[in-house]
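Note sheet for the following structure.
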Amino acid sequence: MTKPVVSFDTNILFYAADRRDPAKHEVALALLERAAAAGSAVVIAGQALCELYASLTRKRILPPAEALDLVRDYEKSFERLPVAADAFSRAFDAVAAHGLQIWDAVLWANADAFGCKYLVSEDFQDRRRLGGVTFLNPFNADGRLLLDAALPPMD
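Under this note's numbering, the first residue of the sequence shown carries the number 316, and numbering increases by one thereafter.
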């Protein structure tokens, strides 16, 4: 695996499929298109793909077959971030020390273990740094500026 630069939380993947909030849908969709063009600099955790499928089907955004097709498309477009051996131990430590939710902490622990520079999510304080990972909210102007440097906009 080449050293990844960016990983995505489930909520970004979800907004790209969910048209109920047009502004977030457009931002997330455009960001994922840019990420696909960036190639190996972007990874997605298997956990995020599982959460995406569960959310899309539970909230009836997509029927199960279409949700599965979308997950498989992401698997083809992005390298899957493996689970680090110490991910759960580090995640529990982050929950205790930093107040993260457990599944957010697992995403962070894996991103940090494999050297991701940015974890893109709306669930963390924008531009907060924990370990080697900076959290970026693409729906905030400051987060978008750093994302534009990491994943340049397409012309």
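By construction, the Cβ of each residue, glycine as well, lies at the ideal position given by its N, Cα and C atoms.
The structure presented is a predicted model; accordingly, all values stated were derived computationally and were not measured.
Residues bridged to residue i [DSSP beta-bridge criterion]
i: residue 449; result: 433, 444
i: residue 394; result: 358
Cβ-heavy atom distance, residue i to the ligand NAD, below 7 Å
i: residue 464; result: Although the ligand NAD was asked about, the structure shown includes no ligands whatsoever.
Identity of the residue in the options nearest residue i by Cα
i: residue 334; options: 374, 422, 426, 322; result: 374
i: residue 371; options: 326, 338, 408; result: 326
i: residue 456; options: 408, 329, 441, 360; result: 441
i: residue 554; options: 328, 348, 329; result: Coverage of the chain is limited to positions 316 through 470, which leaves residue 554 absent and any answer about it impossible.
i: residue 319; options: 379, 427, 460; result: 427
Whole-Å CB distance - residue i paired with residue j, under 8 Å assumed
i: residue 353; j: residue 466; result: 5 Å
i: residue 430; j: residue 447; result: 7 Å
i: residue 419; j: residue 439; result: 7 Å
Limits of the alpha helix (DSSP H) - the one that residue i falls within
i: residue 375; result: From DSSP, residue 375 is part of no alpha helix (DSSP H); its letter is neither H nor E.
i: residue 460; result: 456-465
i: residue 337; result: 337-353
i: residue 427; result: 417-428
Three-state class that DSSP yields for residue i in the structure shown
i: residue 399; result: coil
i: residue 438; result: coil
i: residue 334; result: coil
First through last residue of the beta strand (DSSP E) which encompasses residue i
i: residue 323; result: 321-323
i: residue 360; result: 357-360
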